[in-house]
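As C-alpha cells, the structure follows; a few thoughts come after it.
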Amino acid sequence: MSFCLIFDFDLLNPNAPTDVPRLALVSLGIEPTDITIFMKTLYTAQVPPNPEEIDGMLQVNGVHADLERRIEILPKVMQLWHDQRARLKALGRDDHVIIVETKVLESQSTMMTVLHIDDQVIALARQREPFIQNLPLIGRVVVPMSTDSCLEHINKNIRHDHKNQYGLRGFKMTKSDFKVIRDLSQTPAIQEPATEAGRALRKKIGREVIYKPLVMP
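Under UniProt numbering, the first residue of the sequence shown is numbered 1, with each subsequent residue one higher.
Structure, rendered in C-alpha cells:
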C-alpha cells in the first residue's frame, strides 16, 4: 500500500515536501473467496440462494490521492499526523506521513489513520522491480510496478492467503455485497455503473490479470 501512495503523491521526487498533510482514500470491497461464485454472479446476475453462507474476503478496489483536498480531515486525525511528525523530528528524521481514509464501499463505513513512509520504503519503490505471475490460462506474465500492479499484488496475496494470516478473510458475504456484483452484471459496458462501489469494482476487474480470461460486462 505504501508504494501506491508513493507513486500517487510523487514521493519519489526528492523535492516533495514532508511538512504538508496529504490524504489518500482507499476503497475496499468484499468478494467471494471462490472466484467461480463471483463469475457466476457477474455473468448470470444470479445470487446464491444463501449468500450469508458464502465465505468472503476483503479486496482493495482502488487508491485515490486527494490532491484537490476535497475530503475533510478530522481534527483528531490531524493531531495524529502532527504527533507522528513530531516523534520523527525528535529522532532526527524527516519522513513522509500520509493520512489514509479506508472506506468499505458497500457499507459506506470509513476509518482514518496515519501511515509513516520511511526512506527504505521509498528506496524500494524507486527500484520499481516488476511483478511476475504464472497463470494457468495465460502463462508467465511480467507486470511493471505501478499503483495498479501494487493493488493487484495486494489482492492476489489476500486471495491466496488460505490460512488467513492477514486476517482479511474468514467472514461471510452479505446480500449487499452480492448486489454490487449483480448490479454490475446488469450494467452495459458503455454505461457507467450507478454506484461508487460498482464503478470501483469495474475498474478493478479491468486492471487485474486474474480477470483477463473473462469478458468484461
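All C-beta atoms in this analysis are idealised placements derived from N, C-alpha and C, irrespective of residue type, glycine included.
Bear in mind the structure is a predicted one, so any value in this text is a computation, not a measurement.
Given a cut-off of 8 angstroms on the beta-carbon distance, is the pair residue i and residue j in contact?
i	j	result
A197	L105	yes
V63	Q133	no
R4	L201	The sequence given here has Cys at residue 4, not Arg. No, they are not a contact pair.
D55	K212	no
On the CB-based measure, 16 or more other CB atoms within 10 Å of its CB, does residue i come out buried or exposed?
i	result
H82	exposed
A194	exposed
A90	exposed
I190	exposed
L135	exposed
V215	Residue confidence for V215 is low, a pLDDT of 48 falling below 50, so the modelled location carries little weight; the figure read from the coordinates is stated next. It is exposed - the Cβ of V215 has fewer than 16 other Cβ atoms within 10 Å.
N164	exposed
L184	buried
R140	exposed
N157	exposed
Residue i to residue j, Cα distance in whole Å?
i	j	result
V60	E129	21 angstroms
T44	T187	12 angstroms
V77	T110	13 angstroms
T113	V100	5 angstroms
L58	L67	26 angstroms
R199	I181	11 angstroms
L80	M145	30 angstroms
Our contact map puts residue i next to residue j with C-beta atoms below 8 angstroms; I'd like the distance itself, whole angstroms only.
i	j	result
D8	T102	Not confirmed; about 15 angstroms, so no contact.
F131	H153	5 angstroms
Any 3 or more C-beta pairs closer than 8 angstroms across the stretch 15–23 and the stretch 76–96: yes
Inter-stretch contact at 8 angstroms, needing at least 3 Cβ pairs: the stretch 29–44 / the stretch 163–178: yes
Inter-stretch contact (C-beta, 8 angstroms, three-pair minimum) for the stretch 1–18 and the stretch 47–59: no
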